[in-house]
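In my numbering, the protein residues as written are 75 to 312. Every residue gets a Cβ at the ideal spot worked out from N, C-alpha and C, and that includes glycine. Comments concern the structure below.
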Ligand SMILES: [Zn+2]
């Protein structure tokens with residue numbers, strides 16, 4: 075009895091092993107077939123899938139589209155700040171050049187006494203009022219001149235008289251001219267010249283040149299006699 079048991083067990087074990095191994099082999103064969111088919115399918119589909127992957131990656135590039143949308147979304151706010159800075163500078167440069175010109179360079183008409191020195195202007199206004207009381211109108215033909223205007227007059231005089239030496243008898247260079255300094259005035263008409271030459275000393279105004287009866291400067295203290303006439307302004311030019 076005890077001897078029968080082991081062989082029975084072995085027989086049963088063999089049949090079990092066979093059935094198990096059969097199942098295992100069948101399973102392995104079936105499994106390998108399934109895996110092989112799967113690999114074939116993967117290989118066959120793998121090419122198309124590999125072709126699709128770049129497309130998917132391209133559609134992944136569609137993932138780049140959101141950033142493009144972000145940039146386009148950032149564009150409108152970017153255009154708004156650019157609009158606001160561009161507008162202020164347009165108004166500033168136009169306002170800046172005009173203001174310094176007004177403050178640093180007051181431009182008066184050559185016929186105005188506003189460009190004259192305070193002393194010259196004060197004396198001329200007193201003399202003009204006194205002349206008016208005598209029925210004489212003193213009109214300013216040229217008071218303060220710019221350097222550019224004086225140069226322009228000098229050029230014209232050189233052309234008219236033929237030489238610089240002749241021209242400076244009538245028109246001095248800017249650095250020598252009392253007109254550019256606001257310290258001289260040319261007046262008219264002839265009646266005013268005559269009146270001021272006779273009465274100007276009371277207000278400190280004197281005719282200066284023998285060849286220019288219209289040209290007056292503040293050459294004396296009011297109430298004192300004027301110095302002798304100079305031949306012309308040529309001596310001033312050196
Ligand atoms: Zn003059």
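_Between which two residues does the beta strand (DSSP E) holding residue 214 run?_
213 to 216
*Please report how far the alpha carbon of residue 192 lies from the alpha carbon of residue 218, in whole angstroms.*
12 Å
_Under 8 Å, with one C-beta from each stretch per pair, do the stretch 208 to 227 and the stretch 249 to 266 reach the 3-pair mark?_
yes
*When the Cβ atoms of the stretch 221 to 237 are set against those of the stretch 248 to 259, are three or more pairs found closer than 8 Å?*
yes
_Going by DSSP, what residue range makes up the alpha helix (DSSP H) through residue 310?_
308 to 311
*What's the call for residue 202, buried or exposed, on a 16-neighbour Cβ count within 10 Å?*
buried
_Reduced DSSP secondary structure (H/G/I, E/B, other) of residue 259_ = strand
_Straight-line Cα distance separating residue 307 from residue 239_ = 11 Å
_Looking at the secondary structure, which residues open and close the alpha helix (DSSP H) in which residue 240 lies?_
238 to 241
*Buried or exposed for residue 291, please, with buried defined as at least 16 other CB atoms from any protein chain shown within 10 angstroms of its CB.*
buried
_Is the separation between the beta-carbon of residue 228 and that of residue 241 shorter than 8 Å?_
yes
_With DSSP as the reference, identify every bridge partner of residue 281, one or two as the case may be._
290
*residue 233: buried (16+ other C-beta within 10 angstroms of its C-beta) or exposed?*
exposed
_For ligand 1, I want to know if residue 258 counts as a neighbour, meaning its beta carbon is within less than 7 Å of at least one of the ligand's heavy atoms._
yes
*Quick one: what's got a C-beta closer than 8 Å to residue 195's C-beta in the same chain, skipping five residues either side?*
187, 188
*What are the partner residues of residue 304, as DSSP defines its beta bridges?*
283
*So is the beta-carbon of residue 220 under 7 Å away from any non-hydrogen atom of ligand 1?*
no
_Collapsed DSSP secondary structure at residue 219 in the structure displayed_ = coil
_Taking the straight line between their C-alpha atoms, what separation do you get for residue 301 and residue 294?_
8 Å
*Work out the CA separation of residue 280 and residue 271 for me, nearest whole Å.*
7 Å
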